[in-house]
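In the working numbering, the protein residues as written are -9 to 267.
All C-beta atoms, glycine included, are put in the ideal place defined by N, C-alpha and C.
Only one structure is covered here, and it is reproduced in the block below.
Okay, structure coming up:
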């Protein structure tokens, strides 16, 4: 019996890996709190310096028309700017997050995730997809690799998103903020997140994504939505009805009207091609 279970688990894993779905419903990490990172100082007035990240974004992001994908000019990044990005990540690693207030912490973790993702791509460039970066056998993508230290503790991208951001803030808009360097992902924003602009940028990112073909589009009686809503359905209410309400909240008037009348079936899609410009 134990042998049969082992074979079933291996077969299931290989099916997921073979289909190229690194973060599908069969493997999407749950939000599991890492209690260490809950500590904060509500009275803190400390502001983390994200100017190096701002410089990088302004220099290398390609922002198109509404509804299009924001791209990164990875091939154009100079060795000096890559080194500057490395110093920025190292500087973030020296921050004692417990001394920050909650708003400053949220911006800190989002910026760290995004800058670390970009740096990881640069470190392995050229690649066709972030999933081409692997830590070894039976892995697809860098998400479980320990890529950075914060206060001396090694962290992976999955640690930041699923053990810190999601369980502490319980804000489904975080899914529109963290960028996985793929064409199917919500856009990397042109400015760093800060304690002052996070709510504005989260709303902007949600509207951009939902009103683009990557987020939601109706094709006959089928609503084609991003696989993000499948992988993390619990964050969006866990039902088709709650997802529709969420989409309506950020949809433009035309799409919102169609969603309100929608009674068809759902289909999910995601493009893992690198968001290179």
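- In this structure, residue 174 lies near residue 260, with their beta-carbon atoms less than 8 Å apart.
- Residue environment analysis places residue 48 among the exposed positions, since fewer than 16 neighbouring C-beta atoms fall within 10 angstroms of its C-beta.
- Under the Cβ criterion (8 Å, minimum of three pairs), the region 77 to 94 does not count as touching the region 226 to 235.
- Using a 10 angstroms sphere on the CB of residue 224, the tally of other CB atoms stays under 16, which defines it as exposed.
- At a Cβ-Cβ threshold of 8 Å, residue 96 and residue 159 count as neighbours.
- In this chain, the beta strand (DSSP E) harbouring residue 213 covers 212 to 216.
- For residue 119, the three-state secondary structure derived from DSSP is strand.
- The beta carbon of residue 201 lies closer than 7 Å to those of 57, 241, 242, 245 in the same chain, with the five residues before and after it left out.
- Looking from the CA of residue 28, the closest CA among 254, 155, 161, 51 belongs to 155.
- In the pairwise beta carbon analysis, the region 119 to 130 is classified as not touching the region 61 to 74: fewer than three pairs are separated by under 8 Å.
- Counting C-beta pairs closer than 8 Å gives fewer than three between the region 212 to 222 and the region 127 to 138, which falls short of the contact rule.
- Judged by DSSP in its simplified three-state form, residue 258 adopts strand.
- DSSP places residue 77 within a helical segment (H, G or I) once states are collapsed to three.
- In this structure, the alpha-carbon of residue 167 lies about 18 Å from that of residue 45.
- Under DSSP, residue 138 takes part in a beta bridge, and its partners are 145.
- With 16 or more other CB atoms across the displayed protein chains lying within 10 angstroms of its CB, residue 213 is buried.
- Looking at the backbone, the Cα of residue 172 and that of residue 111 are separated by about 11 Å.
- Its Cα nearest to that of residue 150, the residue 104 stands out among 181, 124, 104.
- Residue 265 is classed as buried because its beta carbon has at least 16 other beta carbons within 10 Å across all chains shown.
- If you draw a straight line from the Cα of residue 70 to the Cα of residue 102, it comes to about 19 Å.
- In the displayed model, residue 87 falls within a helix according to three-state DSSP.
- For residue 206, the enclosing beta strand (DSSP E) has its first and last residue at 206 to 209.
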